[in-house]
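Engineer:
Residue numbers (the numbering used here): 2 to 212.
In C-alpha cells form, the structure reads like this:
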C-alpha cells in the first residue's frame, strides 16, 4: 500500500508517518521509485502500536523507540512482550526506590503465590498507596488487601483471555495496551456503580437513590 493508504487505514496523518520514519520508529517501506515506497500490514500493525504507546500510554517518541527495540529483541516471548508494553518491566536497569511499606507488599505477593518481579513498578505504587493511607489514619495491611488480590486474579484471567488466538506480537502488544489502559476507567465506573447498589441495598429506603 502507498503511504496515503497507510495513513487512511491507521488514522495517522502522512506528516506524522514521515516523522516516525525519520525517527526510526517505523521501518522504511519497499522502495518502488525515487520518491515512492510500498508498505504492508506489518507497517500498519506497528503504526497502530506506536499510536497506542504515544497516545494512550503517553510515552515520548524516544521512549517508544526504545520500547519497540526491546520488543524486537524479545519476539516470541509473549510474557516479556506484555511486561514491556504495559510497563510492568522497566526499560532501564534502574534500581527501584524502596517504599516504606514494601514489606507489606512482599507478604501479600507471597501469600497470593504470584510471580511478580521485585522491581515491578506496581509493587512500589502499591507500597506508596499503603503508606499514604496509613499517614491519613487508615491502617490497612496486606491481610485486608488479600481478597482484593483474589478479585484482581479473576480480572487478569479475563484480560488475558482477550489475547487468546492472536499470533502477531505487535497486535498482542497493542490489544493488551488498549484493553488495560482504556478499560481501567470502565472498571472503576463499575466499581462505583456496584458500591452505590450495595449502599442502596443496605441503607436506602424505597429503592435506589443517588449516592
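The beta carbon of each residue, even a glycine, is placed where N, CA and C say it ideally should be. It should be emphasised that the depicted structure is a prediction, and the values quoted were computed from it without experimental measurement.
Between the C-alpha atoms of residue 32 and residue 53, what's the straight-line distance to the nearest angstrom?
Structural biologist: Each residue's alpha carbon lies about 27 angstroms from the other.
Engineer: With a cut-off of 8 angstroms, do at least 3 Cβ pairs link the segment 21 to 40 to the segment 122 to 133?
Structural biologist: Contact between the segment 21 to 40 and the segment 122 to 133 is absent, because fewer than three Cβ pairs lie under 8 angstroms.
Engineer: Note down the Cα distance separating residue 44 from residue 139, rounded to an integer number of angstroms.
Structural biologist: C-alpha separation (whole angstroms): 50 angstroms.
Engineer: Short check: CB of residue 178 to CB of residue 76, under 7 angstroms?
Structural biologist: Going by C-beta atoms, residue 178 is not nearer than 7 angstroms to residue 76.
Engineer: Quick check: the segment 107 to 116 against the segment 140 to 159, are at least 3 beta-carbon pairs closer than 8 angstroms?
Structural biologist: Touching, yes, given that three or more Cβ pairs across the two stretches are closer than 8 angstroms.
Engineer: Check this for me: beta carbons of residue 188 and residue 176, under 7 angstroms apart or not?
Structural biologist: In this structure, residue 176 does not lie closer than 7 angstroms to residue 188 by Cβ.
Engineer: Hey, would you say residue 66 sits closer than 7 angstroms to residue 27, going by beta carbons?
Structural biologist: The answer is no: Cβ separation not under 7 angstroms.
Engineer: Taking the alpha carbon of residue 101 as the point to measure from, which residue in 82, 124 and 201 has its own alpha carbon closest?
Structural biologist: It is 124.
Engineer: Looking at residue 18 and residue 5, is the spacing between their C-beta atoms short of 7 angstroms?
Structural biologist: The answer is no: Cβ separation not under 7 angstroms.
Engineer: For a minimum of 3 consecutive residues, which ranges assigned as the beta strand (DSSP E) are wholly contained in the segment 158 to 208?
Structural biologist: Those beta strand (DSSP E) runs which fall completely within the segment 158 to 208 and span 3+ residues do not exist here.
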